[in-house]
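Heads up, the final residue of the sequence shown is numbered 985 in full-length UniProt numbering, and it's a clean run with no missing numbers.
Following: one structure in structure tokens, then a few remarks.
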Amino acid sequence: MSAAAHGGHDTTSHLRLPPNPSSPYDGSWAGSEADPGDKLRERLRKWEMDNPPPSVVVRSNDDAVGPVSNSMSGTVDEYKFLRGLNEPTDSDTDVSFVGDELVNVGLPSVGLKAGDLLELGADSLRFSLLAICLGNFNGYDHFYTNSGKWVTSQNIKTRFVVRNFIQDPDELQVVIDALPSTSGAADVLVAYHTLNAAPSREIGAALIRHMNNFDAAARRIQQTYAEKLNQIYQLLGPEEKLMSLGEIARLVLPGGPMKSHHTFPPDVLYAVYTFLCSDDLAFRPVGQGGRNHQSSLFLMNTKDDIENGKKVELITRQFYEARAARAAQRRGVAPTAATKSLFIVEARRFIDQSRKSRKWSPHGMLGPSTLKPTPIPVEWSPTALQIVRFMEQWAAAARVSRVSRLHGAGAAILRAVDRYGDAMLLDANTGWTFLQEIGWITPWDLQTRHSLHLPGVNIDRAGILAVKQEDLEPIKFEPDQLAPLRTELTGTVYCIDAESAADIDDGVSIEDAGDGAYWVHIHVADPASRIRHDMPAARRAAILSQSIYLQGYEHTMFIDNTVRETFSLAPDRPSLTFSAKVNEAGDILDYKVTPAIIRDVVYITPENVSEICGDEVEDVTVPPDSFEVGTRPTESKSPTRKMAKPAELSEHHLSEIRILSRLSKALHQVRIRNGAVPTQPPRMDVEVSLEHTEVARYADGFLGCSGDPYIRLSYRPGNFNTFTSSLMLTGGEVAARWCSDRDIPIPYRVEPLASGNIAALRDFTQKILYPELASNKKPVGEHMRTLSVLTGGHDISTRPSTNFTMGIDKYAKATSPLRRFSDLIVHWQIEAALLEEHRRGSSLVVNTKSRDRTAKTFLPFSNGDLEYDMFPLLRLREYHARIMERLEGPSSWALQALLRGWWFGENAEQLPRTFRFAVNFILTNGIIKGKLDWFDQIAMLDSRHLGGVCRLSEIKTGDVFVVEIDTIITTSRKIYVRALERVEQ
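Rendered as structure tokens:
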């Protein structure tokens with residue numbers, strides 16, 4: 001129909017365009033009857049060849065190393081996602097020595113077996129897969145996913161596991177037979193994965209069907225209980241909580257389909273698990289899935305923090321909308337936008353004032369103090385304090401997941417403050433320095449203290465722990481329940497500790513047993529006899545899990561000093577005594593546990609014991625390197641008790657100490673023959689003093705800080721004191737054997753897979769790992785991963801199992817109940833059993849052929865109580881304490897010292913200009929991880945910073961480069977370097 005028919009004008013002439021020479025529609029053929037259709041197609045093809053469309057790059061989600069990940073618009077590269085599952089964290093490959101123990105700092109291995117179902121996920125993506133473990137072949141776990149992919153890993157991480165999911169071995173075997181390779185060579189496996197080789201979906205159809213059915217069942221359950229799940233916030237309450245998945249399910253689904261008092265079917269738990277994971281503002285999964293699908297752990301934010309995050313996000317959006325409205329001269333500005341403007345003005349005042357006394361840096365830390373800051377009189381508005389609280393949760397406590405939209409709110413606040421134009425990124429690292437500059441945290445605080453904080457432990461931003469009023473109330477001790485059973489010890493107890501030690505947990509004594517054997521008694525402080533397991537003090541100890549000896553921020557498990565004063569070993573105090581009958585060859589012939597009262601006590605240092613025994617210092621080369629910043633401390637701590645000198649002891653005392661030394665060495669040699677670690681390399685020692693710092697407290701919790709910590713880094717010999725450590729291990733061995741004989745559940749320390757890999761462990765440790773230690777080197781990451789694969793890592797269990805790297809068949813920590821909650825659990829269980837034997841008048845030792853798994857109602861904790869309710873939280877709390885005390889804490893102090901020297905020029909002459917960088921691992925995003933020859937600090941080399949030295953494809957584990965520092969990020973404990981030269985291949 002023509003335009004005129006509509007009453008309009010003919011507009012055809014206005015639509016004609018001049019011919020486009022680059023277009024096939026140039027008008028030369030239009031309306032021509034001589035051009036057939038095939039000519040048109042030919043011209044179109046020619047035009048497409050001459051004018052290819054512009055290439056469109058689809059954004060990848062292959063992030064650079066950093067705290068934020070794009071999971072909203074970025075694509076997920078499934079291949080790189082699956083490869084990334086095998087990449088280790090710092091804690092996975094770091095190694096720590098505790099006495100005779102060689103401990104991987106990371107969480108225990110999940111210990112997967114063929115037929116287990118697990119979820120493969122990543123913190124940096126809203127993406128996960130289900131997978132079934134096919135088994136471990138030549139050191140690598142193999143998996144088949146519900147997307148039909150084949151995955152191999154030595155380092156798999158998962159937060160949800162269903163044991164024995166596939167019960168028909170034939171369904172597994174058909175997929176195993178179709179695997180492209182079961183090689184133990186990483187390059188071979190990578191090559192196959194690069195080719196996307198895998199058993200076909202047809203071959204894996206049965207496994208895929210099982211996984212999809214499981215996922216579908218979980219979704220149906222989620223829909224069935226949708227109303228109850230949506231009420232989870234009301235059911236769990238407003239407080240911050242750390243709970244296992246099983247605990248949450250029992251609260252949320254009290255009438256749900258439970259299998260027993262402690263367990264739910266796995267599909268029900270997976271339904272709850274996926275619901276919790278979908279809300280990253282309220283819930284954050286922490287740790288690993290542990291030994292069963294009940295034990296996944298979730299950290300629930302407080303209701304106030306959840307609402308505060310949403311409110312600050314809204315305020316921030318309204319602020320920018322108001323700014324845009326003003327620029328466009330529109331009206332209708334939200335009132336909260338004006339409130340935020342006031343916050344920005346005040347924040348700028350504080351920042352500008354801070355920079356008069358401390359330089360700002362883009363490295364996550366302010367510079368050394370140049371003058372005492374002048375306090376600024378200001379009253380922060382409630383909205384301003386809400387913003388500060390949000391910034392603390394984002395930048396300090398790390399309560400925001402990598403994929404959360406709240407990163408945008410934090411960055412927008414920093415952008416509005418307009419003081420961080422020189423920052424590399426407006427990220428949580430810059431947010432940390434913002435909190436330092438406004439006086440919310442101290443300039444020397446450690447971010448790890450906040451990010452590893454768990455519910456129930458309140459961090460005092462100016463000090464160590466914020467103590468609640470109820471924690472300050474004196475503990476009301478119960479009467480000694482073991483009083484009728486205690487025997488009086490007439491011999492001398494030797495307590496061997498440093499002069500500065502405050503908690504005197506243990507001591508040793510000796511008694512001649514005849515025929516060349518001796519009773520070696522390990523006497524342990526006994527708070528469990530008067531602090532019941534259900535008392536408030538015990539619950540508080542459970543929350544802390546152990547004392548933390550982090551330089552500058554030490555805190556004790558028992559806050560009330562009366563515990564130390566009442567139970568630290570001293571004359572006329574109670575002990576729980578673990579005794580082993582030992583011969584000169586180091587064989588344990590008999591053992592027993594006895595409540596006792598000790599009378600005569602000698603306190604002596606390990607150094608003086610070595611002097612008495614004539615122990616020669618082992619020929620261990622300790623690097624002379626040291627580095628220090630700050631003013632050296634002048635204060636010195638006095639001994640808390642009278643320390644004996646060798647010249648003050650009688651010949652009888654000296655003789656007993658020498659016999660104990662001889663027996664401890666014999667015990668140690670037996671363990672070495674059984675596979676124990678024979679030696680340890682030197683390790684970094686950190687000394688920190690806050691003597692020359694001052695912290696003033698202002699209104700609303702703000703701080704005024706002056707001065708700087710003294711930090712000194714050096715090396716110390718790695719070898720442990722055999723005398724003390726060997727005898728304490730004997731005490732733990734006696735505790736474990738005694739409980740195992742009676743089938744009593746306690747936190748046995750186990751290497752879950754070691755007993756099935758003894759031959760492989762002997763071969764690996766004797767040929768590779770232990771020679772590496774003997775050469776004064778820390779094991780490389782690959783070797784630590786191999787050890788973890790063979791042993792299953794270190795874990796706790798209610799059933800004893802071999803500890804190969806300790807050379808012990810059964811072991812439990814039992815000699816430090818003033819410092820470790822797990823030791824208290826052991827004592828409570830043992831003491832209940834001792835009382836029951838006393839009541840019965842007979843032993844509880846069970847027939848080894850038919851173990852007694854019946855309920856023992858006289859015990860404080862049943863097997864289920866420990867496995868399902870206590871161990872998941874205990875594992876995580878011990879992990880956090882371990883990683884803070886042995887890895888992240890010392891590393892944070894080291895990087896503060898390094899930054900003060902490298903960036904701020906403090907004692908810069910002590911720092912080398914270049915370092916040697918040894919390659920440990922190459923990540924999928926082109927980042928090379930390794931260690932510097934400067935106190936074994938972990939560093940990162942971006943492939944873009946190879947500087948033409950070589951290509952990324954040419955680099956392999958073990959290569960060494962000469963590098964210089966590019967940047968340091970103290971909050972994430974990262975050192976980035978640039979390659980200058982390749983020196984070893």
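Note that the Cβ used here is the ideal one computed from N, Cα and C, for glycine as well.
Secondary structure of residue i, DSSP reduced to three states
| i | result |
| --- | --- |
| Cys-950 | coil |
| Asp-700 | helix |
| Thr-553 | The sequence shown places Tyr at residue 553, not Thr. Note: Tyr-553 maps to coil in three-state DSSP. |
| Asn-674 | coil |
| Ile-459 | strand |
| Asp-177 | helix |
| Thr-594 | strand |
| Lys-931 | strand |
| Gly-27 | Per-residue confidence for Gly-27 stands at a pLDDT of 37, beneath the threshold of 50, marking its modelled position as unreliable; the derived number appears in the next sentence. It is coil, neither helix nor strand. |
| Met-300 | strand |
| Asn-51 | coil |
| His-453 | coil |
| Phe-871 | helix |
| Lys-645 | coil |
| Ser-147 | coil |
| Lys-241 | strand |
The beta strand (DSSP E) enclosing residue i, as first and last residue numbers
| i | result |
| --- | --- |
| Thr-490 | 487-496 |
| Asn-583 | 573-583 |
| Asp-685 | 683-689 |
| Trp-444 | From DSSP, Trp-444 is part of no beta strand (DSSP E); its letter is neither H nor E. |
| Pro-285 | 283-286 |
| Val-252 | Element bounds for Val-252: not the beta strand (DSSP E) but the alpha helix (DSSP H), 245-252. |
Counted within 10 angstroms of its Cβ, other Cβ atoms place residue i as buried (16 or more) or exposed
| i | result |
| --- | --- |
| Gly-948 | exposed |
| Asp-305 | buried |
| Asn-213 | exposed |
| Ser-638 | exposed |
| Asp-534 | exposed |
| Ala-175 | Checking the displayed sequence, the identity of residue 175 turns out to be Val instead of Ala. Buried, because 16 or more other Cβ atoms sit within 10 Å of the Cβ of Val-175. |
| Gly-793 | buried |
| Gln-318 | buried |
| Gln-173 | exposed |
| Ser-775 | exposed |
| residue 986 | There is simply no residue 986 to check, as the chain begins at 1 and stops at 985 in what is shown. |
| Gln-551 | buried |
| Leu-859 | buried |
| Leu-195 | exposed |
Whole-number beta carbon distance between residue j and residue i, since they are thought to touch under 8 Å
| i | j | result |
| --- | --- | --- |
| Lys-665 | Gly-732 | In fact, because the Cβ distance is near 18 Å, the residues do not count as touching under 8 Å. |
| Thr-957 | Phe-921 | 7 Å |
| Tyr-233 | Lys-310 | With a Cβ gap of about 13 Å, Tyr-233 and Lys-310 do not count as contacting. |
| Ser-404 | Leu-281 | 7 Å |
| Thr-430 | Leu-414 | 6 Å |
| Ile-588 | Gly-807 | About 12 Å; that fails the 8 Å criterion. |
| Ile-543 | Val-457 | 6 Å |
Boundaries (first-last residue) of the alpha helix (DSSP H) holding residue i
| i | result |
| --- | --- |
| Gln-266 | According to the sequence shown, residue 266 is Pro rather than Gln. First-last of the alpha helix (DSSP H) with Pro-266: 266-277. |
| Lys-228 | 226-230 |
| Asp-304 | 303-327 |
| Asp-763 | 758-764 |
| Asn-608 | 606-613 |
| Met-784 | 781-791 |
*How do the segment 225-242 and the segment 135-142 stand: do at least 3 beta-carbon pairs fall below 8 Å, yes or no?*
no
*Would you call the segment 834-847 and the segment 560-572 touching, i.e. three or more CB-CB distances under 8 Å?*
no
*Touch test, the segment 478-491 against the segment 699-710, Cβ-Cβ under 8 Å, three pairs minimum*: no
*At least 3 beta-carbon pairs within less than 8 Å: the segment 649-664 vs the segment 746-761*: no
*Would you check if there are 3 or more beta carbon pairs closer than 8 Å linking the segment 755-772 to the segment 800-808?*
yes
*Any contact of the segment 761-770 with the segment 606-613, i.e. 3+ C-beta pairs under 8 Å?*
no
_Within 8 Å, do at least three Cβ pairs link the segment 206-221 to the segment 178-185?_
no
_Taking contact to mean 3 or more Cβ pairs, one atom from each stretch, closer than 8 Å, check whether the segment 727-742 and the segment 630-649 are in contact._
no
*Is the segment 671-691 in contact with the segment 587-603, if contact means three or more CB pairs nearer than 8 Å?*
no
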